[in-house]
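Everything on this sheet refers to the single structure shown next.
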Amino acid sequence: METFIQLVVDGLSTGSIYAALALAIVLVNQATGLINFAQGGLAVLSAYIAYAFVQAGLPLLAAVLLAIVLSFCLGALVERFLMRRFERGDPDTAVVVTIGLLTLVTGIVAVLWGYNNLQFPSLFPLSSVHVLGAVVSVRSLATTVTIVAIMALLQLLFLRTKLGLALRAVADNPASSALSGLPVGRLLMVGWGLAAALGAVAGALVGPQLTLTPGMLDGALVYALAAVILGGLDSPIGAVAAAWGIGVLENLVAVYVPLIGHDLKIAVPFALIFVILLLRPQGLFGRKVVVRV
Amino acid sequence: MTLLELDHVTASYGPVQVLEGVSLTVPEGGAVGVLGANGAGKTTTLRAISGTVRTGGTIRFAGRDIRGLRPDQVAALGIAHVPEGRGTLAQLSVRENLAVGAYLRKDRRQIEKDIEYCLELFPNLRNRIGSRAAALSGGEQQMLAVGRAFMAKPKLLLLDEASLGLAPSTAKTVYEAIRRLRVDSGIAMLVVEQNANLAFSLVDTATVLETGRTVLTGTSAELKGMDEIRRAYLGG
Amino acid sequence: LSLTGCRGGAQSSGGGTAASPGITDTSITLGITTPLSGATAGPGTCTVAGAKAYFGAKNAEGGIKFGDGKTRKVDIKTYDDAYDPQKSLSNFQQMVSDNVFAEGIGLGTPTNRAFREAAISQKVPQVLVMTGDPIFSDQKQSPWQLGLVPAYQNEGGAFGKLLASSGGTHKVAILSQNDDYGKGYVSGFKDAIKGASNISVVGEQTYEATDTSVDAQITQLAATGADVFFNAMSITPLTIATLQKAQQIGWKPSWFLPSNTSSPTAILAPGGASAYPGIYSVAFSKAPQSPEFAKDQDVVKFLSDLKQYGNYQGMPAFPHCMWSYIAGATLDQAFQKMTDPTRDSFMKALRSIKGFNAPLMLQGTTVDTTMDGQPAISSVLVQKYNGKGYATAQKFG
Amino acid sequence: MAARLSLSDVNLHFGGVTVLQDVSFDVEPGTIFGLVGPNGAGKTSLFNCISGHYRPSSGSITIDGTEAVGRAPSHLARIGLSRTFQHPALQLRATVLENVVLGGHTRLPGGPLSWALGLPFTSRAERGLRAEALELLDRAGLAWAADRPADELSHGLHKGIELWRALLARPTLLLLDEPAAGLSHGEVEQLIATVKQVRDEQDITIVIVEHHMGLISALTDRVVVLDHGRKLMEGTAAEAQSDPRVIEAYIGKDAADDAA
Amino acid sequence: MAALTSRRARIAVAVLVVVVLVAAPLFLPAIVNQSLVRIGVYAVAVLGLNIVMGYTGQVNLGQIFFLGLGAYVTAYGVTHGWNIVLVFVAAAVITGIVGLLVALAAARLGGLAIAMVTIALPIVGVPLAKRLDTFTGGSQGTSAIFSNAPDWSGLFNDQWQYYIVLLVAGVGFLLARRLVRGKYGRAFAVVKGNESVAASMGVSPYWTKVLAFTIASVFGGASGFLYMAAVQYTSPETLSFGHSISLLAAMVIGGAGSIVGSLIGGAYYIVVPQLTNAVDPNLTTISQGVILLAVLFLLPDGLVSLPRVLRRLTRRGTAARAGGALPAGAPSATEKHHSTTGTPPHHAPAQVQIPDAAPEAPEKTERHGRS
Ligand SMILES: Nc1ncnc2c1ncn2[C@@H]1O[C@H](COP(=O)(O)OP(=O)(O)OP(=O)(O)O)[C@@H](O)[C@H]1O
Ligand SMILES: Nc1ncnc2c1ncn2[C@@H]1O[C@H](COP(=O)(O)OP(=O)(O)OP(=O)(O)O)[C@@H](O)[C@H]1O
Ligand SMILES: [Mg+2]
Ligand SMILES: [Mg+2]
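Below, the structure is given as structure tokens:
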């Protein structure tokens, strides 16, 4: 039983890593209608930027905040000078552009900081607490809390604010939105900027655990995508819930179904996604996209 | 007082130029119709004004040259455009669509009242206030597009076949509302409308386009009297 | 048939003293294909840096005096294969066309395997490859190949032997990477403890190199109550994470870590390794990060060469930097022994090195290329972490 | 003679919303049938039920006596049903000709392998269909547009192209959703002539949804008026236009005269 | 008459191309042949991907899995001494069957959900390949040599491999080209464009997707066979997820929805890493990113659109003076499609003459980006 609880706790903490990235993917998707493969790469870059500030002697919190601000600008610039050209075109092309961006960012990080693991200081203490007989590190607890907070903020942003409405309108139909006076270009920049800033938060949260390498989020990206699709592309709550669900389920299956084991446990979330999407194409928490003939 | 003035406006899609010189004026508080066959360039003329197509010539609005402005800048000057076809934000609810229409406005309280006005005008929308625009029937979507333009409280309204897909009685109601808007708030309008009866019920003057050129301009009465016009647009 | 593979065949495989491609009277060209991008780029970069450091320094001294009396400079061409077998084959073909004398030192099992056959059929040496895959040291199967580092089995076996001979009863939990790396360690370990009734394996799990977390495996293994943890892991952040995780949930066994994930500074310190009763590893090269080697002549020269010629800043984060430096020294020996500027002569010379204590090698380990079935370095020493660096461990406990 | 299309007690709900309620009527072969009613009455939804895009919550729809409910739209298309969409849905990047030829998909023989191998019968069939499509376009005065990408044409022309696309399938049952929307008076007259000609030349039954009462009067043999998902009345166009309930719900009191 | 000569001219060009393709390896250096061989391998894989994604619009992130599966089947057959033709058939058919089974399930989903199911293929495929080591050789991989030139041919290995690839890829490309032109090409396109419309044209979206997906996997299997001909070795790394992403990028860069684009995509896949290696092996990631972005920035429709863009530019150049006076505005939202339509528009009778348009002012277009 103790092991069971510990496995659930472990799953939640791993799931939080996926969730951090998933939220950023949801954000950029809501604001631009795009699946952004570079999201992880941008988060990595942000983490390195924060790292560089720490190296330069800034206190950690200030470094992270500064990195968040810089990432916002960076995201906005990427939108303005790169993605803008592709936003009206074939969505497949835009996705490939984000793949190219991921490659480029990874390359830049590698050139600037190399491929060796760098130790990113943790915002939270390394100690741990006991909950229900399971050991939870303060770090993953704090990470989880932060993620829930971000999730709530995003939900508010999209459903309760004028900015959120404008972002969604632009993602839905930029041409039509412009006719109502929405500054489409600026809103897209804001959307990308927010997603990149959120990526910076994600990078700072998972950086200490994964240690910094240019490809540190490549593995998490697939999981994050899976979580986003499973939870519903337009739902921050869904993304987080699905990420946790995937993390926990994987662990339990790997341990209690020896035939699957740790090597094939990754098949479980995908099988689950398949079954759930058959029943609910919009994902667990997503709103159905209405298409009329 | 001229509000909008188009002088020898040209427009092109990519390498294809489709407007060859369109000239027209809309006086302040006036309503001008644009007539023409399929493909004559009516829609393109409206797009030229709202900046969604590449243009040449002169387009002046309230004394200011607006050619080359971005669509949202044009909208910010007080020009609302009901585009042709599905002009709604498909995955947003009816209420959200109307709220987006009022994006540029600051008077929060009045916005709520105006939404209420739209719902009175289009009772169909009231029942579906929470549905996504994409789920609406063709006519309901058209109503929503018109409603969204109303929400902007513009100085100039560009209507591109606003009656498209509307039931006769509804079309009538909408045009009645538009006329009221004109009378009450002095909104000027440029109207593309295939249903010439509706069009002439609203406009004072009209311009006839042929292959991207202005070929004729006249008052409603003058035009109604012309044989060619009768045959092509009015019947009988 | 042997001729058809390569139009340069007549030139390359001709007998006598006609020089092979890639060697002139003043220079010799070596090629390295290794991952310089992607997930394994960290160690991959090290393989290049170490080799460049060694030969850079030699070239600066004027070159290497070959067995045929000529002094040559060593030119190194590097190619990125991103750990993709298809790309490493492509790189090999490119090397042939670029007239490389020999290929070697590259990292990776599949990538080296991908062009093993091509290297054989074109008679291009593919030597001192950095993989523990034994096929490269089997002279019948791989006449133009030779491995560098101890087979993974040897490393696992060394630890197993130490444990078996400890006398005490131990329960062992095993976590291994799901590939030939992890499998090699585990099979070597198990072979060594076979028949030792005092050692029992109570839990065995695997993970994927792409995993972001192995917390679940640690939790699962901790539940077995093992007092020895054999962690055949090649991923740096995961190794740190396991060190942290196990102590968090209160599991404090003795650890075994492979040679390439046991860096005192990069892994053990951040992982808080002092909390455990003992961290064991195996090694054949000196660890420059260890304080005890800080003044060691080899290490000092190595570090300065690495910086100056290897274009590598700071402490090596992976042992592959040292290993490839040792590989350089081994090649140097072969060069000094080869009497003809041919690949044949080179292979013969390379296979005749014995008892060579290359720079950076620990006391008690040597290069021995004469044993069929064994890579150039097959002897390893079990080391124990002492809070700062490593000391050779004579016995377990 | 058996009805070509027969609906009995068709119901359709979306969530809690009732879109169609107990709709029943028969359409005789060779006739032109009108379907009118206010916006949101359920006309397009009814088309979607007939063409298989929506599945009625209950009720039965038969085409030439065979049950259509539960069949895939593509299956129904293969047995002779063809339709246009209220909002033109063309392949915008493809040429006008390609769009029209697409309508003849079900008439082309052979499976993927024969087409990949380019067996002679496939190229013959393709050539034949293209010629036919060109002729249709030519008759409509659209030959000049054949090789243009569809999105270079104006909105009004899209409706026409949809019609030709639907016709190339040689349907026995054709559903037209507001074919006259966006056409000027003269163009509507042309459309009326075309539809009449098609009906006279082919064994075809046509159901038209349209708000243009002039077109409905000129073309239809019978009409059904829908209101709020229910059948309000059935009769001739003239009967409908003079029915007070219809005037009240749909045409509007003073619009009756100038809507034509 | 004119049609006849143009037909003859076309046949002449085709014959010339065939002759060049057949004769080329005899004169080219080995390294070039070897590169061409690998280009062929990936061109076939990209071609398959193009059919399901470029033409039919179903995002497929699993194509590399089919390449890997084909390679494993080939390796298994060769090491068990099957006849090589049988091996090829098995590689294509077994892969096709697996593809069909996956498609039967995946095609029930739409949009990104399909992407998720296909992403799972390589992700699960890698550990699976390791586990099934009796068939796959586990993580050490498996070698199989069948593509060395036989003595009687008097050819070098690279030449012989080239002919194997030319044969398989050539047939594959010809079949695909025919397929995407007629009935099924239109069916693919309409499923991509609008499934409801497809259905009402008698095109079953479900079966069309299944068909496209199965064809893609057969091409994947064939490319796996060719992979073994070219590389003679395979391991789980062959089918790693990252390569699937690269295939996707190669397809878009070559030109989505274009047969020639697939070939260019295959070339891109092979040549760019070689190029970046030659430039600086330590900077391959960054330079590959730059190249990818630069190509798409200049040619959003892929390299295949280069001639068209050049033609337009030169036409622009001559008309620049006349058009210079015309100020720029934003193109309409629908304008995006135009560059992909090959035929210059015929003149409508209504539009007697269409003077050439203003030169594109990129920065302006940028500023007005959206409409
Ligand atoms: N995106 C486009 N690209 C190229 N040409 C276009 C494009 N859109 C419209 N055209 C062409 O421009 C001309 C004018 O089109 P426009 O849509 O303005 O006509 P319209 O008068 O509104 O017609 P309708 O009554 O059918 O709506 C037509 O000849 C049309 O073919
Ligand atoms: N897929 C759907 N989801 C939700 N509601 C729907 C859906 N399809 C239709 N409806 C609702 O059903 C009602 C009838 O729509 P329908 O399109 O059939 O109307 P219509 O009679 O064609 O109207 P119009 O003349 O405006 O085109 C509308 O209120 C619409 O919102
Ligand atoms: Mg129009
Ligand atoms: Mg309708």
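Protein chains in written order, with the numbering used here: chain A, -12 to 280; chain B, 817 to 1052; chain C, 410 to 806; chain D, 13 to 272; chain E, 23 to 393. No residue lacks a Cβ here, since even glycine has one placed at the ideal position from N, Cα and C. This structure is a prediction, so every number in the text was calculated from the model and none was measured.
- Among the residues facing chain A, H65 (chain D) is included, as its CB has a counterpart in that chain under 8 Å away.
- Contacts with chain A at 8 Å (Cβ-Cβ) do not include G901 (chain B).
- For W664 (chain C), the pairing in a beta bridge is given by DSSP as C:F638, C:I688.
- Between A635 (chain C) and L584 (chain C), the alpha-carbon positions lie close to 12 Å from each other.
- The region 484 to 495 of chain C makes no contact with the region 231 to 238 of chain E: fewer than 3 CB pairs, one atom from each, lie closer than 8 Å.
- Per DSSP, V13 (chain A) lies in no beta strand (DSSP E); the unbroken alpha helix (DSSP H) holding it starts and ends at -11 to 19.
- Counting the other Cβ atoms within 10 Å of the Cβ of G577 (chain C) gives fewer than 16, which makes it exposed.
- The alpha-carbon of P519 (chain C) is positioned some 7 Å away from that of E259 (chain E).
- Around the beta carbon of Q550 (chain C), fewer than 16 other beta carbons lie within 10 angstroms, which makes this residue exposed.
- The three-state reading of DSSP puts E512 (chain C) in strand, counting E and B together.
- Here the C-alpha atom of L89 (chain E) lies approximately 40 Å from the C-alpha atom of S127 (chain A).
- For M250 (chain E), none of the residues of chain A pass the 7 Å Cβ criterion, the least Cβ distance being about 25 Å.
- Remark: the C-beta of D588 (chain C) is outside contact range of ligand 4, defined as less than 7 Å to any heavy atom.
- Remark: the C-beta of Q17 (chain A) is outside contact range of ligand 4, defined as less than 7 Å to any heavy atom.
- Shortest gap from the CB of T868 (chain B) to any heavy atom of ligand 3: 7 Å or more.
- Nearest CB-CB separation between V83 (chain A) and chain E: below the 8 Å threshold.
- Runs of the alpha helix (DSSP H) lying entirely within the region 275 to 337 of chain E and spanning at least 4 residues, in chain order: 281 to 301, 306 to 320.
- Taking the C-beta atoms as reference points, F37 (chain D) is found no nearer than 8 Å to K265 (chain D).
- For V850 (chain B), the enclosing beta strand (DSSP E) begins and ends at 847 to 852.
- Rounded to the nearest whole angstrom, the C-alpha separation of S622 (chain C) and V293 (chain E) is 36 Å.
- Between the region 261 to 280 of chain A and the region 948 to 965 of chain B there are three or more C-beta pairs closer than 8 Å, enough to call the two in contact.
- One alpha carbon belongs to G172 (chain A), the other to Y38 (chain A), and they sit about 31 Å apart.
- Here E79 (chain D) is bridged, per DSSP, to D:T74.
- Distance between N943 (chain B) and I931 (chain B), taken at the CA atoms: about 13 Å.
- G451 (chain C) belongs to the set of residues whose beta carbon lies under 8 Å from a beta carbon in chain A.
- Under the Cβ criterion of 8 Å, N51 (chain D) is not counted among the residues facing chain A.
- For P149 (chain E), the enclosing alpha helix (DSSP H) covers residues 133 to 153.
- Using a Cβ-Cβ cut-off of 8 Å, Q626 (chain C) counts as an interface residue toward chain A, since at least one Cβ of chain A sits closer than that to its own.
- Proximity to ligand 2 was defined by a C-beta distance below 5 Å to any of its heavy atoms, and the residues meeting it, in sequence along the chain, are B:A951, B:L952, B:S953, B:G954, B:G955, D:F26, D:V31, D:N51, D:G52, D:A53, D:G54, D:K55, D:T56, D:S57.
- Annotation for N23 (chain D): the continuous beta strand (DSSP E) segment containing it runs 17 to 26.
- Closest by C-alpha distance to S668 (chain C), out of C:Q742, C:L630, C:G541, is C:G541.
- Spatial neighbours of R921 (chain B) in its own chain (CB-CB distance under 7 Å, excluding positions within 5 residues in sequence) are listed in chain order as I927, K969.
- Inclusion of S694 (chain C) and L771 (chain C) in the CB contact set at 8 Å is warranted, their separation being smaller than that value.
- A Cβ of chain E is located within less than 8 Å of the beta carbon of R522 (chain C).
- The beta carbon of V221 (chain D) sits closer than 7 Å to at least one heavy atom of ligand 4.
- Closest in C-alpha terms to L58 (chain D), from the list D:S254, D:D150, D:L238, comes D:L238.
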